[in-house]
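K.L.:
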Amino acid sequence: MHARQQLRQQLRQARQSLGQELQRAAAINLAAHLPDHSLLQHASHVAIYLAADGELDPHLLAEILHARGKTLALPIIHPFHRQQLLFQRYQPGMPLQPNRFGIDEPKLDKSALIPLQELDVIFMPLVGYDLGGNRLGMGGGFYDRTLGGFTETQRPTLIGLAHEVQRVPALPVQPWDVPIDAVATATQLIHCRQSHH
Ligand SMILES: Nc1ncnc2c1ncn2[C@@H]1O[C@H](COP(=O)(O)OP(=O)(O)OP(=O)(O)O)[C@@H](O)[C@H]1O
Ligand SMILES: [Mg+2]
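So our numbering is basically just the index in the sequence shown, starting at one, shifted up by 873.
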């Protein structure tokens, strides 16, 4: 657990130090290559996130997907199951409000919720990843709890978005960690070899 914490701190620092210009370029390049990938051309419902803490920023990607007619969703913190996520329909520019972590989210509207099984792709933020599909998040267990109740075939395609500096040779994995199917960086989409257990 200590090793995970230390790695988290180190990797968060690395992505926080990337600088505005590099972040801008990464967001532009991501939006330039990813929408044409077959995984996305076949998707109609796609969840994204709003970048914080130096995360690779998908907002330009979201605008392009929206313009291509995809239905977008943002995660919001579940009002009762407080460490799980719900996904709610999102249109770029719609009004948002900060949640208890200071991250913007749409105001809960039950009629706009999208059941997880209806999502084709979830773009996930991450702190670290390896090519086996292992993912280190911010440490809340939100995505793990939200996805853990579904089998691998029920789950949407999970794509982590990351800067190159967030890659490590092999992450320490816990039994509850839900693996990702692929990682997209500013320049490429990498399918993960499912070498986790
Ligand atoms: N399916 C689950 N059921 C119960 N507890 C869980 C589950 N998944 C994770 N947790 C708990 O959440 C805590 C944080 O998990 P972990 O360190 O894997 O977070 P993370 O993957 O970095 O975060 P996130 O999923 O929010 O990106 C752990 O203490 C773990 O016990
Ligand atoms: Mg985890």
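In this text, a Cβ means the ideal position worked out from N, Cα and C, and glycines have one as well.
Going straight from the alpha carbon of Thr1058 to that of Leu891, what length do you get?
P.N.:
Stepping through the sequence shown from its first residue, residue 1058 is reached at position 185. Stepping through the sequence shown from its first residue, residue 891 is reached at position 18. One C-alpha to the other measures close to 14 Å.
K.L.:
Does the Cβ-Cβ distance between Arg877 and Pro1045 come in under 8 Å?
P.N.:
For the purposes of this step, residue 877 is identified with residue 4 of the sequence shown, where counting begins at 1. For the purposes of this step, residue 1045 is identified with residue 172 of the sequence shown, where counting begins at 1. Contact: yes.
K.L.:
Along the chain, where does the alpha helix (DSSP H) containing His906 start, and where does it finish?
P.N.:
Here residue 906 refers to the residue found at position 33 of the sequence shown. Gln893 to His906 is the extent of the alpha helix (DSSP H) around His906.
K.L.:
For Asp977, list the residues DSSP reports as bridge partners.
P.N.:
Taking the sequence shown and counting its residues from 1, one reaches residue 977 at position 104. Looking at the DSSP assignment, Asp977 forms a beta bridge with Pro971.
K.L.:
Since Ile1032 and Asp1054 are thought to touch, with beta carbons under 8 Å apart, how far apart are those beta carbons, to the nearest angstrom?
P.N.:
One-based indexing of the sequence shown puts residue 1032 at position 159. One-based indexing of the sequence shown puts residue 1054 at position 181. 7 Å between Cβ atoms; contact.
K.L.:
So Leu934 packs on Glu978, CB below 8 Å; how close in whole Å?
P.N.:
As a position in the sequence shown, residue 934 is number 61, starting the count at 1. As a position in the sequence shown, residue 978 is number 105, starting the count at 1. Not a contact, Cβ separation roughly 18 Å.
K.L.:
Regarding Gly1033 and ligand 1, is the C-beta to nearest heavy atom distance less than 7 Å?
P.N.:
Here residue 1033 is taken as the residue at index 160 of the sequence shown, counted from 1. It does not: the Cβ of Gly1033 is nowhere closer than 7 Å to a heavy atom of ligand 1.
K.L.:
When DSSP labels each residue in this structure, what does Ala1055 get in the three-state scheme?
P.N.:
Mapped onto the sequence shown, residue 1055 falls at position 182. Note: Ala1055 maps to strand in three-state DSSP.
K.L.:
State buried or exposed for Arg1066, treating a residue as buried only when at least 16 other CB atoms are found within 10 Å of its CB.
P.N.:
Your numbering for residue 1066 matches position 193 in the sequence shown. Exposed, because fewer than 16 other Cβ atoms sit within 10 Å of the Cβ of Arg1066.
K.L.:
Evaluate the contact criterion for the stretch 989 to 997 versus the stretch 914 to 933: three or more CB pairs, one atom per stretch, below 8 Å.
P.N.:
In short, these stretches touch, since the Cβ pair count reaches three.
K.L.:
Which term fits Gly854, buried or exposed, when burial requires 16 or more other beta carbons within 10 angstroms of its beta carbon?
P.N.:
For residue 854 there is no data in the structure shown, the boundaries of the chain being 874 and 1070.
K.L.:
Would you kindly report the start and end of the unbroken beta strand (DSSP E) that includes Leu1062?
P.N.:
On the sequence shown, position 189 is the one that residue 1062 refers to. Leu1062 to His1064 is the span of the beta strand (DSSP E), which, as asked, contains Leu1062.
K.L.:
Ligand 1 and Leu959: does the residue's C-beta get closer than 7 Å to at least one heavy atom of that ligand?
P.N.:
Here residue 959 is taken as the residue at index 86 of the sequence shown, counted from 1. No; taking the cut-off as 7 Å, the Cβ of Leu959 has no heavy atom of ligand 1 nearer than that.
K.L.:
Does any heavy atom of ligand 1 sit closer than 7 Å to the C-beta of Gln1039?
P.N.:
Within the sequence shown, the letter at position 166 stands for residue 1039. Incorrect: Gln1039 has no Cβ contact closer than 7 Å to ligand 1.
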